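Note sheet for the following structure.
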Amino acid sequence: MSRILSLFTVATLSSLMMMSAACSDEDSMPVETDDGEEGGAGGEGAGGVDAVGGMGGAADPEPEPEPEPKVCPDATGVYDVEPAQTNLLFMLDRSGSMHLRVTGTDTRWMLTTAGLAHLVGTLSSDTVAGLQMFPAGDAPISCCAVTAGNYIDCGACGAGELPGPEARCESSVYSPFDVAMAPMSAGQADAITSAVSASDDEFYWGTPLAPALQGAVDGVSGLPMDGVTSIVLLSDGLPTSCDTTADPSANDIGRALDAVSLGAQLGVRTYVVGIDAEAASSDPATDLAVNLSLVAQAGGTGRYAGCEATNDCAYRVNVDNFEQALSDALEAIALDATSCAIELPDVEGGTPDYGAVNITIQSEGDTITVPRDQAHADGWDYLPGNEQVQLYGGACELLKSDGEAKIKVVVGCQTEEI
């Protein structure tokens, strides 16, 4: 197993039966039974040798139960826990630029939705998932087109044909969702893919990123769902089309960051897949990779510790390896978001000392102490709010590969860290 983890061996129970301490040396001498086998003599008054030559009287002692794992002698509590329920809301950008071509015939929309459909088909039945597309609130438009040169041309649009910002820039239009959150099944997967397919030939104006994310956060945080909830944003654009004379800064990326930051405070994480997000700009305010990285960082899902230094917190999917990069990104998100989050238990005395919590995994006879890894490479760390923890790397892989693995939270010992 990769870098995880300090091991301590579970002590094996002795299988030898001990004779009664009350027996004398003479009593413990072997005697021969009728069938020639040797057996132990019974103690005084306790009934003699039994029918098979064993010692009469009290039954053999039961083996002692396996002790709870202790990280240190000061452990004050050991709690059995289960992986938290996983809730995923897919936020899919259907703005006009998603119809730009990646290859000679395949568009961003075609390849992105194919990748999403594949992922949805692999989610376990105990995952709760739903879908919301954006923009919403406006009707699709027909006066814009993708040119032979692969750019958007809206020159054919007459006065008033392009919608104003009123509808799509209101967060309230993004919930209830296009496909309501529900446990995954064949029917739920079909509902998601059918809703997406219905927009295959539709062209929507603008990328109202902030209101869409705010609506998503409001929608999922208001649902009575247990477990850990994540938004998976798939988008190819910067915020557009919501600025007005009265609100000229409506397209600022800061509005989107505020929305996902609020979500993180409420326990809702936001993963970001940047579609064709490689092209850089001399102005950070208009650089797609920079801005989507900021969204992932604010949403609590930076790909690794320090990713903000290189604007690499989002998953980038680019033209030169689009399908493979998208597949890798969605698989990584599924591994990170699904089954590897754990609800912390209610402990005696109320809120635990967060510097004195450890996680152990019992698998195939071994008990593994998983170290805390704030770099999110190979261990565990707290999720925003400190009500759940997330396993990363080899610890997560072990949990997903062994359906019989048992997770325990050990309270009272100084946290082991990488």
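This note's numbering numbers the first residue of the sequence shown as 100 and each following residue consecutively. Glycine included, every Cβ here is placed at the ideal spot set by N, Cα and C. On a predicted model such as this, the values are computed, not experimentally measured, just so you know.
Any C-beta of chain D sitting closer than 9 Å to the C-beta of P275?
The structure shown contains no chain D, having only a single protein chain.
Classify E131: buried if its beta carbon has 16 or more other beta carbons within 10 angstroms, exposed otherwise.
The pLDDT assigned to E131 is 43, lower than 50, so where the model puts this residue is not dependable; a value taken from the coordinates is nonetheless given after this. It counts as exposed.
Near G511, what residues of its chain come up, given a Cβ to Cβ distance below 6 Å and the 5 sequence neighbours on each side ignored?
D173, A174, T175, A455
Determine the burial state of M324: buried for a count of at least 16 other Cβ atoms within 10 Å of its Cβ, exposed for fewer.
exposed
Roughly how many whole angstroms lie between the Cα atoms of V180 and Q461?
12 Å
On the criterion of 16 or more Cβ atoms from any shown chain inside 10 Å, does G257 qualify as buried, or is it exposed?
exposed
Nearest candidate by alpha-carbon position, reference S340, set E515, G263, G478:
G263
Integer-rounded CB distance, given that T437 should sit under 8 Å from T93
The question about residue 93 has no answer, for the chain in this structure spans 100 to 517.
For Q518, does the three-state DSSP call read helix, strand or coil?
The shown model of the chain, from 100 to 517, leaves out residue 518, and the question about it has no answer.
With a 10 Å radius around its C-beta and 16 neighbouring C-beta atoms as the bar for buried, classify E136 as buried or exposed.
Residue confidence is low: E136 scores 43 on pLDDT, short of 50, so the model does not pin down where it sits. Its coordinate-derived value is still stated next. Exposed: under 16 other Cβ atoms inside 10 Å.
Cβ separation of P239 and F302, assumed to be a contact under 8 Å, to the nearest whole Å
6 Å
Beta-carbon contacts of A349 that lie in its chain and below 6 Å, excluding the five residues immediately before and after:
C341, D342
Let me confirm a value: N420 is counted as buried when at least 16 other C-beta atoms fall within 10 Å, else exposed. Which label applies?
exposed
Just to confirm my understanding: we take E486, look at its own chain, exclude 5 residues before and 5 after, and list those with CB closer than 8 Å. What are they?
G366, E442, L443
Given D205 as reference, the closest of V245, S329, C406 once Cα atoms are compared:
V245
Sequence-distant residues of its chain with Cβ nearer than 7 Å to S298 (five each side left out)
R193, M232
Could you check how far apart the C-beta atoms of G229 and V272 are, in whole angstroms? I think they sit under 8 Å.
So it is not a contact: roughly 16 Å between Cβ atoms.
I'd like to know whether the C-beta atoms of P328 and N186 end up nearer to each other than 9 Å.
For the record, residue 328 in the displayed sequence is Thr; it is not Pro. It is a contact, given that the beta carbons lie within the stated cut-off.
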